[in-house]
Each structure stands twice: as C-alpha cells, then as structure tokens.
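Undergrad: Got a structure here, written out as structure tokens. Questions coming.
Numbering (full-length UniProt numbering), first residue to last: 1 to 110.
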C-alpha cells in the first residue's frame, strides 16, 4: 500500500527549511532523511515511523497509538510506529517529527 500523501505533505511542511533534509521513497513509504539518516517516514493509513533512541522509544510506546515498529514480524529496535489518531493535529505531529530529527542529529552524518 502506498504512503499517506497528506501526512507526507504535513511532514514536508514541518521540515521545510531544516538543514540536511531530503526525502526518499522506500519500503512503501516516504522517508525523510536528515544528513543521510531516516528520521521519520509517512506510512500507509496515516501512520508515522519515527526513529528514536531505544530507551526513549520504550518509554514513549503506549501499546495502542505508539508501538514498537515491526517488519515481517520482527521488532525493529529504535523505531516506533505512531498511529494516525496520535497525529490528528499539527502539534502532535510536530512532537514526533522533532523526536525523530533530534535523535538522528546525534548520529554522525552519512
């Protein structure tokens, strides 16, 4: 299934002007890269993949709207899946985009 284009545009608008940001289609979504590292990605049905420090991710996951990301049934350490209901307004989306960007800014540029 293709990524949610409305969510992708909202993310693009939030990251507009942020240094080092590019976007790339991958894994059926649209990833937003910061200095070569994917920070967030627009997925299908309005979900958002967020890169996070694994310790923070464990704290932020609520088991309902925010869950550890899985790919092919395997957990992906350092990735969260945020459901569309937790992204209803721009402040909520900004929180998650900021978290992903802040984490990848701690990594060395690729």
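Each residue gets a CB set at the ideal place from its N, CA and C atoms; glycine is no exception.
Mind pulling the beta strand (DSSP E) runs of 3 or more residues that sit fully within the stretch 23-105?
TA: 29-34, 37-42, 48-51, 66-71 and 74-82
Undergrad: Quick check: what's the CA-CA separation for residue 67 versus residue 96?
TA: 13 Å
Undergrad: Touch check for the stretch 34-51 and the stretch 86-102: three-plus C-beta pairs under 8 Å?
TA: yes
Undergrad: Can you check which of these residues, 88, 89, 82 and 2, is closest to residue 100 by C-alpha distance?
TA: Checked all of 88, 89, 82 and 2; the closest Cα to residue 100 is 82.
Undergrad: Ends of the alpha helix (DSSP H) at residue 107?
TA: Counting along the chain, residue 107 sits inside no alpha helix (DSSP H), nor does DSSP assign it H or E at all.
Undergrad: Just to check my reading of the structure: residue 29 and residue 41 have Cβ atoms closer than 8 Å, yes? What is that Cβ distance to the nearest angstrom?
TA: 4 Å
Undergrad: So residue 20 and residue 35 are in contact, right, with Cβ under 8 Å, and what is the actual spacing, rounded?
TA: The Cβ separation is near 4 Å, so the contact holds.
Undergrad: For residue 104 versus residue 12, is the C-beta spacing smaller than 7 Å?
TA: no
Undergrad: Rounded to a whole number of angstroms, what is the C-alpha to C-alpha distance between residue 7 and residue 86?
TA: 12 Å
Undergrad: Hey, how far is the Cα of residue 80 from the Cα of residue 72?
TA: 15 Å
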